[in-house]
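J.: For reference, the structure I am asking about is given below.
Protein chains: 2
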Amino acid sequence: MNQSKRYLDIVRDIRDMIRQEKIKPGDRIPSERELAEKMQVGRSTLREALRSLELLGLIETRRGEGTFLSDYRNHKLVEVLSTFILQDNRSHEDVWETRLLHEVAAIQAICKSETESQMKIWDSFRLRLQDESFQREDFVRELMVLSGNRLSLKIWFLLTQYSGNPYAGTVSPEEIDFMNNTLLAIEQQDADTAIQEFQAWSEWLKKERISNGNNT
Amino acid sequence: MNQSKRYLDIVRDIRDMIRQEKIKPGDRIPSERELAEKMQVGRSTLREALRSLELLGLIETRRGEGTFLSDYRNHKLVEVLSTFILQDNRSHEDVWETRLLHEVAAIQAICKSETESQMKIWDSFRLRLQDESFQREDFVRELMVLSGNRLSLKIWFLLTQYSGNPYAGTVSPEEIDFMNNTLLAIEQQDADTAIQEFQAWSEWLKKERISNGNNT
DNA sequence: AGAATATGAGTGGTCAGACCACTTTCAAAA
DNA sequence: TTTTGAAAGTGGTCTGACCACTCATATTCT
Numbered sequence: 001m002n003q004s005k006r007y008l009d010i011v012r013d014i015r016d017m018i019r020q021e022k023i024k025p026g027d028r029i030p031s032e033r034e035l036a037e038k039m040q041v042g043r044s045t046l047r048e049a050l051r052s053l054e055l056l057g058l059i060e061t062r063r064g065e066g067t068f069l070s071d072y073r074n075h076k077l078v079e080v081l082s083t084f085i086l087q088d089n090r091s092h093e094d095v096w097e098t099r100l101l102h103e104v105a106a107i108q109a110i111c112k113s114e115t116e117s118q119m120k121i122w123d124s125f126r127l128r129l130q131d132e133s134f135q136r137e138d139f140v141r142e143l144m145v146l147s148g149n150r151l152s153l154k155i156w157f158l159l160t161q162y163s164g165n166p167y168a169g170t171v172s173p174e175e176i177d178f179m180n181n182t183l184l185a186i187e188q189q190d191a192d193t194a195i196q197e198f199q200a201w202s203e204w205l206k207k208e209r210i211s212n213g214n215n216t
Numbered sequence: 001m002n003q004s005k006r007y008l009d010i011v012r013d014i015r016d017m018i019r020q021e022k023i024k025p026g027d028r029i030p031s032e033r034e035l036a037e038k039m040q041v042g043r044s045t046l047r048e049a050l051r052s053l054e055l056l057g058l059i060e061t062r063r064g065e066g067t068f069l070s071d072y073r074n075h076k077l078v079e080v081l082s083t084f085i086l087q088d089n090r091s092h093e094d095v096w097e098t099r100l101l102h103e104v105a106a107i108q109a110i111c112k113s114e115t116e117s118q119m120k121i122w123d124s125f126r127l128r129l130q131d132e133s134f135q136r137e138d139f140v141r142e143l144m145v146l147s148g149n150r151l152s153l154k155i156w157f158l159l160t161q162y163s164g165n166p167y168a169g170t171v172s173p174e175e176i177d178f179m180n181n182t183l184l185a186i187e188q189q190d191a192d193t194a195i196q197e198f199q200a201w202s203e204w205l206k207k208e209r210i211s212n213g214n215n216t
């Protein structure tokens, strides 16, 4: 199972170490060579893990100085999210609910915002919906982007990334209906209906995933 | 300037290459060895870039087979996301909105849940509301806990810490009314009213903070 | 003594080469 | 024709070696 993606294990190990050693934001963490030896992995493999942590905003590397825990507060958010999701104490239900929570709020925000200049957006949106390559995640991600809340977008992104893509699989015609209904309601700024349709889709998706055997 | 973070340049190069070569989702991209030679970089450096792309969900690697463009197609959006994640520029407004978003969702969840065994909770809740030591934050935190979504609670907790405690200061009688109204509506499982009252309070609080000069 | 300079250790950044585990392919053997 | 297995290609990993940079220390100069 976990033959590949070792660097993800290392990510977890590093995180655990940080917690045990009680390293605080801004503090320096052991050098790459130290970490590699301590964890019994090659330095290049360890660096791949560090790149991941850096990309997520958890750490910050300074050439010639070392690697530091990111000092902006944001790092805690990522840590909590990754901990909650990658680790054993995670609750899939909570992750699902929280993601849905952000999605619903996004729809609400879109409906409340101005729509003048967004008419074109809906047209192109509907066009892409016809495309075979259009995926579930594209639909939702577009909504999240349109909501305009970048922090919420980031949280949503992390949740979908780490919780074994809930939007995998092929799109059925039934779902297209849900999407279309949601879009239509949004265009008419009918938030309640839009959210209702979206939640119905989410519910439908959830059940299908369970019957198919949910991954990860 | 760009002496370090070379792997970020490679990320961009690969992205450009994908665009130029018109590689479509699901297609295979050149092997690591090929790419490394073509771009005149070491394979390990190139792999660090690939890890980043993988983490962002742009590519997918399969051992023994190769590296493939992920099933996303809306690369523009992914680019937006990647730049956003790479350079973490969040605004206070987003933090405030996101926190409120979780709070509203919590109230909604509480109203939907069973209330049989929660009667006692409301009594003790109201009692503590009388207490002078009862703070704004206690009120909201209690709601978050009652929602039952632990992930949402954690996120909320972090956001509260980030935005330089938005609940600092003394509680005015006017606020007590907001709280009481919110509580009352929740008891009656009237989610709409409860949320309306809560948002009104939040709005009021926001304005007061602005007039007082908000701290980070 | 005080200040400017040189040195060396330590760090992240990069590279090349070597295995390993795995998948696919296709030619040889049944 | 079917089966088998050897080879090629791929991502995953490790090692050891440089390089560029930072910083603390020792050294030298004024």
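Quick mapping for you: the protein sequence lines, in order, are chains F and U. Per full-length UniProt numbering, the first sequence starts with residue 1, numbered consecutively. Per full-length UniProt numbering, the second sequence starts with residue 1, numbered consecutively. Don't be surprised by glycine CBs; every beta carbon is placed ideally from N, CA and C. Treat the numbers as computed from the prediction; the structure is a model and nothing was measured.
Cα-Cα, which of U/K154, U/E137, U/L153 is closest to U/S202?
T.: Within the second sequence, numbered from 1, the residue matching residue 202 of chain U stands at position 202. Here the closest residue by C-alpha is U/E137.
J.: Within its chain, find whatever has a CB closer than 8 angstroms to the CB of F/I107; leave out the 5 residues flanking it on each side and keep chain order.
T.: For the purposes of this step, residue 107 of chain F is taken as the residue at position 107 of the first sequence. Here the set comprises L143, S147, T182, I186, A191, A194, I195, F198.
J.: Which ranges does the alpha helix (DSSP H) cover as unbroken runs of at least 4 residues, wholly within the UniProt domain "HTH gntR-type" (4–72) of chain F, from first to last along the chain?
T.: Counting only runs of 4 or more, we get 6–20, 32–38, 43–56.
J.: Starting from F/D94, find everything on chain U with Cβ-Cβ shorter than 8 angstroms and list it in chain order.
T.: The residue you call residue 94 of chain F lines up with position 94 of the first sequence. Near F/D94 (Cβ distances below 8 angstroms), the residues of chain U are N149, R150, L151, S152.
J.: I'd like to check one pair, U/A36 with U/L50: are the Cβ atoms closer than 7 angstroms?
T.: Within the second sequence, numbered from 1, the residue matching residue 50 of chain U stands at position 50. Within the second sequence, numbered from 1, the residue matching residue 36 of chain U stands at position 36. Against a cut-off of 7 angstroms, the Cβ pair of U/A36 and U/L50 comes out as no contact.
J.: Leaving out the 5 sequence neighbours to the left and right, which residues in its chain are closer than 6 angstroms to F/L153 when beta-carbon positions are compared?
T.: Translated into positions along the first sequence, residue 153 of chain F becomes position 153. The residues are M144.
J.: List, in chain order, every chain F residue whose beta-carbon is nearer than 9 angstroms to that of U/R98.
T.: The residue labelled residue 98 of chain U in the question sits at position 98 within the second sequence. As written in the sequence, residue 98 of chain U is Thr, which differs from the Arg given in the question. Within 9 angstroms Cβ-Cβ: H102, A105, N149, L151, S152, I155.
J.: Please identify the residue among U/K207, U/D123, U/C111, U/M39 whose C-alpha is closest to the C-alpha of U/M17.
T.: If you number the second sequence from 1, residue 17 of chain U lands on position 17. Residue U/M39 is the option with its Cα nearest to U/M17.
J.: Taking C-alpha atoms, which residue in U/K22, U/S52, U/S31, U/G26 lies nearest to U/R12?
T.: The sequence position of residue 12 of chain U within the second sequence is 12, counting from 1. Nearest of U/K22, U/S52, U/S31, U/G26 to U/R12, Cα basis: U/S52.
J.: Run down chain F in chain order and give the residues with a C-beta less than 7 angstroms from the C-beta of U/R51.
T.: By 1-based counting over the second sequence, the position of residue 51 of chain U is 51. Going along chain F in sequence order, the residues near U/R51 (Cβ under 7 angstroms) are Y7, E48, R51, S52.
J.: List the endpoints of the continuous alpha helix (DSSP H) containing U/D138.
T.: Taking the first residue of the second sequence as position 1, residue 138 of chain U is located at position 138. Where U/D138 is concerned, the enclosing alpha helix (DSSP H) stretches over 136–147.
J.: Can you give the Cα-Cα distance for U/T170 and U/H102, rounded to whole angstroms?
T.: Along the second sequence, read from residue 1 onward, the residue named residue 170 of chain U stands at position 170. Along the second sequence, read from residue 1 onward, the residue named residue 102 of chain U stands at position 102. Computed Cα separation, rounded: 23 angstroms.
J.: Mind listing which residues of the region 189–209 of chain F have their C-beta closer than 9 angstroms to chain U's C-betas, in chain order?
T.: If the cut-off is 9 angstroms between Cβ atoms, the region 189–209 of chain F has nothing near chain U.
J.: Is the Cβ of U/R15 closer than 7 angstroms to any Cβ of chain F?
T.: One-based indexing of the second sequence puts residue 15 of chain U at position 15. No, U/R15 lies away from the interface with chain F (no Cβ there is under 7 angstroms from its Cβ).
J.: Classify U/E54 as buried or exposed, calling it buried when 16 or more other Cβ atoms lie within 10 Å of its own Cβ.
T.: Sequence index remark: in the second sequence, residue 54 of chain U carries index 54 (1-based). Result: buried.
J.: Between U/P25 and U/L69, is the Cβ-Cβ spacing less than 7 angstroms?
T.: Here residue 25 of chain U refers to the residue found at position 25 when the second sequence is read from its first residue. Here residue 69 of chain U refers to the residue found at position 69 when the second sequence is read from its first residue. Yes, Cβ-Cβ distance for U/P25 and U/L69 is below 7 angstroms.
J.: By Cβ distance, which residues of its chain are closer than 7 angstroms to U/R126, with the 5 residues on each side in sequence left out?
T.: Reading the second sequence from its first residue, position 126 is the one you call residue 126 of chain U. L183.
J.: According to DSSP, is F/V171 part of a helix, a strand, or is it coil?
T.: If you number the first sequence from 1, residue 171 of chain F lands on position 171. Correct three-state label for F/V171: coil.
J.: For chain F, check one thing: does any of its Cβ atoms lie closer than 7 angstroms to the Cβ of U/S44?
T.: As a first step, residue 44 of chain U must be located in the second sequence, where it is residue number 44. By this cut-off, U/S44 is an interface position.
J.: Interface residues of chain U around F/S91 at Cβ under 9 angstroms?
T.: Taking the first residue of the first sequence as 1, we reach residue 91 of chain F at position 91. Chain U residues near F/S91: N149, R150, L151.
J.: With distances taken Cα to Cα, identify the nearest neighbour of F/W204 among F/P30, F/E175, F/A109.
T.: As a position in the first sequence, residue 204 of chain F is number 204, starting the count at 1. The shortest Cα separation from F/W204 among F/P30, F/E175, F/A109 belongs to F/E175.
J.: Near F/R7, which residues of its chain fall below 7 angstroms by C-beta distance, leaving aside the five closest residues on each side in sequence?
T.: The residue labelled residue 7 of chain F in the question sits at position 7 within the first sequence. For clarity, residue 7 of chain F is Tyr in the given sequence; the question names Arg instead. Same-chain partners within the cutoff: T45, E48, A49, S52.
J.: For U/A109, does the count of other Cβ atoms within 10 angstroms reach 16, so buried, or fall short, so exposed?
T.: Stepping through the second sequence from its first residue, residue 109 of chain U is reached at position 109. Per the 10 Å Cβ criterion, buried.
J.: On the CB-based measure, 16 or more other CB atoms within 10 Å of its CB, does F/Q135 come out buried or exposed?
T.: Indexing the first sequence from 1 puts residue 135 of chain F at position 135. F/Q135 should be labelled buried.
J.: Terminal residues of the continuous alpha helix (DSSP H) containing F/D94?
T.: As a working mapping, residue 94 of chain F is identified with position 94 in the first sequence. 92–112 is the span of the alpha helix (DSSP H), which, as asked, contains F/D94.
J.: Can you give me the Cβ contacts of F/V41 inside the same chain, cut-off strictly under 8 angstroms, excluding the 5 residues immediately before and after it?
T.: What you label residue 41 of chain F is simply residue 41 of the first sequence in a count that begins at 1. Same-chain partners within the cutoff: R6, I10.
J.: Which residues in the same chain have their Cβ closer than 8 angstroms to the Cβ of U/G66, if we skip the five residues on either side of it in sequence?
T.: Along the second sequence, read from residue 1 onward, the residue named residue 66 of chain U stands at position 66. Around U/G66: R28, I29, S31.
J.: Is F/I210 buried or exposed, if buried means 16 or more other CB atoms sit within 10 Å of its CB?
T.: Mapped onto the first sequence, residue 210 of chain F falls at position 210. That one is exposed.
J.: Around the C-beta of U/D131, are 16 or more other C-beta atoms found within 10 angstroms, so that it is buried, or is it exposed?
T.: Here residue 131 of chain U is taken as the residue at index 131 of the second sequence, counted from 1. Answer is exposed; the Cβ neighbour count stays below 16.
J.: When we look at the beta-carbon of F/P173 and count the other beta-carbons within 10 Å, is it buried (16 or more) or exposed?
T.: Residue 173 of chain F sits at position 173 when you count from the first residue of the first sequence. Burial call: exposed.
J.: In three-state terms, what does DSSP make of U/S133?
T.: What you label residue 133 of chain U is simply residue 133 of the second sequence in a count that begins at 1. Correct three-state label for U/S133: coil.
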